[in-house]
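Undergrad: Have a look at this one before I ask anything.
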Amino acid sequence: MDKASKGHVTAVKKAVACELADADHVLEIGCGTGELAQMLVSQGSVVHGFDMNAAMIEAANERIQRNHLEDRFKATHMGVDGMDSLPDAFYDAVVSTLVFSELSDDERKYVFKHSARVLKPEGIIVIADEVVPENIFMKLFHKLIRLPMLAMTYLITRTLTTPISDLSGEMKKGGFKIKKEILRHGGSFAMVTGKRSKGV
Ligand SMILES: C[S@@+](CC[C@H](N)C(=O)[O-])C[C@H]1O[C@@H](n2cnc3c(N)ncnc32)[C@H](O)[C@@H]1O
21 MDKASKGHVT AVKKAVACEL ADADHVLEIG CGTGELAQML VSQGSVVHGF DMNAAMIEAA
81 NERIQRNHLE DRFKATHMGV DGMDSLPDAF YDAVVSTLVF SELSDDERKY VFKHSARVLK
141 PEGIIVIADE VVPENIFMKL FHKLIRLPML AMTYLITRTL TTPISDLSGE MKKGGFKIKK
201 EILRHGGSFA MVTGKRSKGV
């Protein structure tokens, strides 16, 4: 996927890792093979990643063994619906790259709710994913250029993604204050950082 996207995915993960430079305990939603988790561990974090795809978790565990990350990275086979089993106020950061566009509206709502719960009071959330551009011309252009990418993604991963119409809005409703929003690729890709609102 990364080769197909000309290194875009790895560049996104590097930008996300920079946002999390100070986070001790990180929860990664949909960790895939653990590429981002390894970056986070290399800058000092302890990461708990989970993913609903058993093959992804197997690859993440191979990465853990190959790189001796056992003490710093744990990969669990679990879907987002298992988030209610995670402890309250434990993590400094929750992160997810390229997963929200695979979730339903209800799943995203559930993820925000539990992310707010599992984060410490000053905790942050960073979500990077495909979004619907706000500009009407970019919206049309994006629809056109997205079709071949969508077909290729489906052939490789057998999954269909849906760009999110209002990622920041959903994050706010989920109990976060928006700290930063970076848009790329004509507004079709966003990295949004939120801070847990008081009283959540
Ligand atoms: C495009 S991959 C991205 C993987 C990784 N985050 C990355 O950026 O390399 C999407 C990942 O989300 C996971 N995923 C999708 N829906 C999920 C769900 N409901 N619960 C947990 N993981 C999910 C998939 O199994 C897949 O590993």
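Under the numbering used here, think of the first position of the sequence shown as 21, with each following residue one higher. Ideal Cβ placement from N, Cα and C applies to all residues, glycine included.
Compute every distance between the C-beta of Asp125 and the non-hydrogen atoms of ligand 1, then say whether any falls below 7 Å.
TA: no
Undergrad: Excluding the five sequence neighbours on either side, which residues of its own chain have a C-beta within less than 7 Å of the C-beta of Pro153, listed in chain order?
TA: Lys159, His162, Gly206, Gly207, Ser208
Undergrad: With a cut-off of 8 Å, do at least 3 Cβ pairs link the region 84-103 to the region 41-55?
TA: yes
Undergrad: Look at Asp149 and Ser121 and say whether their C-beta atoms are less than 8 Å apart.
TA: Note that the C-beta distance between Asp149 and Ser121 is below 8 Å.
Undergrad: Closest to Ser43 by C-alpha separation, out of Ser65, Val61, Val32, would be which residue?
TA: Strictly speaking, residue 43 in this sequence is Ala, with Ser absent from that position. With distances taken between Cα atoms, Ala43 lies closest to Ser65.
Undergrad: At the level of alpha carbons, what is the spacing between Lys193 and Glu90?
TA: 36 Å
Undergrad: Who pairs with Tyr111 in a beta bridge, going by DSSP?
TA: Leu139
Undergrad: Could you have a look at Lys197 and say whether DSSP puts it in helix, strand or coil?
TA: The three-state reading of DSSP puts Lys197 in strand, counting E and B together.
Undergrad: Please give the ranges of any alpha helix (DSSP H) in the region 64-126, keeping only runs that are unbroken, at least 4 residues long and fully inside the region.
TA: 74-86
Undergrad: Hey, how far is the Cα of Arg92 from the Cα of Glu190?
TA: 31 Å
Undergrad: What do you reckon, are the CB atoms on Leu47 and Val146 nearer than 8 Å?
TA: Result no, Cβ atoms of Leu47 and Val146 do not sit closer than 8 Å.
Undergrad: Using the C-alpha atoms, what's the distance from Ala113 back to Gly102?
TA: Straight-line Cα distance between these residues: approximately 18 Å.
Undergrad: Am I right that Val100 and Ile49 are in contact with their C-beta atoms under 8 Å? What's the rounded C-beta distance?
TA: 6 Å
Undergrad: Tell me which residue opens and which closes the beta strand (DSSP E) that Glu250 is part of.
TA: No answer is possible for residue 250: the residues shown for the chain start at 21 and end at 220.
Undergrad: Under 6 Å Cβ to Cβ from Lys94, same chain only, skipping five residues before and after it: list those, please.
TA: Within the same chain, Lys94 has close Cβ partners His68.
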